[in-house]
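Everything on this sheet refers to the single structure shown next.
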Amino acid sequence: MSTTVNAFGTHEAGKPLGPVTSERRDVGPHDVKLDILYCGICQ
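Under full-length UniProt numbering, think of the first position of the sequence shown as 1, with each following residue one higher.
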């Protein structure tokens with residue numbers, strides 16, 4: 001079963017970031033799952 005995740009990104013270089021969604025596959029036996037608690041963007 002896949003998971004839908006919300007993120008900020010862009011599909012073209014030089015364009016501003018905006019909200020996007022992405023489908024992620026299940027974590028496999030050789031994958032590592034991380035829980036990201038905080039994130040920031042430096043300018």
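Here a beta-carbon is modelled for each residue, glycine too, at the ideal position from N, C-alpha and C.
Sub-8 angstroms separation of residue i and residue j beta-carbons
i: Thr3; j: Arg24; result: yes
i: Asp35; j: Met1; result: no
Cβ shell of residue i (< 7 angstroms), same chain only, five flanking positions each side left out
i: residue 46; result: Residue 46 falls outside the range modelled here, since the chain spans only 1 to 43, and no answer is possible.
i: residue 51; result: Given that the chain is displayed from residue 1 to residue 43, the structure contains no residue 51 and the question cannot be resolved.
Cβ-based neighbour list, residue i, same chain, cut-off 8 angstroms, excluding 5 preceding and 5 following
i: Thr21; result: Thr4, Val5, Asn6 and Ala7
Cross-strand partners of residue i (DSSP beta bridge)
i: Gly9; result: Gly18
i: residue 47; result: Outside the modelled stretch of the chain, which goes from 1 to 43, sits residue 47, for which no answer is possible.
Within-8 angstroms CB hit, residue i to chain C
i: Ser2; result: Annotation note: the requested chain C is absent from the structure, which comprises a single protein chain.
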